[in-house]
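One point on numbering: in full-length UniProt numbering, the residue at position 39 of the sequence shown is 39, and numbering is uninterrupted.
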Amino acid sequence: MLDVTLEARELSMEDPPMMLNEVKWDAPVVISLENGAPRTFNGAYEAFDFLQHEWPSRHGKAYEQALRLCRASLLGSVSGEIARTAFVEASRDANRLVEMPKLAS
Numbered sequence: 001m002l003d004v005t006l007e008a009r010e011l012s013m014e015d016p017p018m019m020l021n022e023v024k025w026d027a028p029v030v031i032s033l034e035n036g037a038p039r040t041f042n043g044a045y046e047a048f049d050f051l052q053h054e055w056p057s058r059h060g061k062a063y064e065q066a067l068r069l070c071r072a073s074l075l076g077s078v079s080g081e082i083a084r085t086a087f088v089e090a091s092r093d094a095n096r097l098v099e100m101p102k103l104a105s
């Protein structure tokens with residue numbers, strides 16, 4: 001599990017949308033939906049929206065950390081790759097991870 005400490009402001013889910021910046025990842029993350037179909041995520045906004053509105057089980061440390069870190073990435077407080085790693089961990093924890101392409105070196 002990632003060890004990232006955020007200030008209270010960064011944990012808030014109440015920031016207005018205009019404060020968010022899209023953060024694209026260097027490599028996509030592919031997960032399996034409940035119906036078995038694959039879905040590709042290319043950045044923190046897509047992951048954050050999915051975690052908030054479509055995630056099958058909205059509890060657990062990995063889920064909560066992914067939600068916080070994707071939001072923090074959109075606010076510019078952490079890198080997109082930290083958010084990506086948290087999303088991968090939450091996907092793995094929920095047995096949804098299908099593919100995690102290697103980052104370009």
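Glycine included, each C-beta is placed from N, C-alpha and C at the ideal position.
In this structure, the alpha-carbon of residue 83 lies about 19 Å from that of residue 32. DSSP places residue 78 outside any beta strand (DSSP E), giving it a letter other than H or E. For residue 44, the uninterrupted alpha helix (DSSP H) segment begins and ends at 44–53. Nearest to residue 88 by C-alpha distance, out of 74, 69, 76, 75, is 69. For residue 92, no pairing in a beta bridge is given by DSSP.
Residue 38 sits close to residue 98, with the two beta carbons spaced by under 7 Å.
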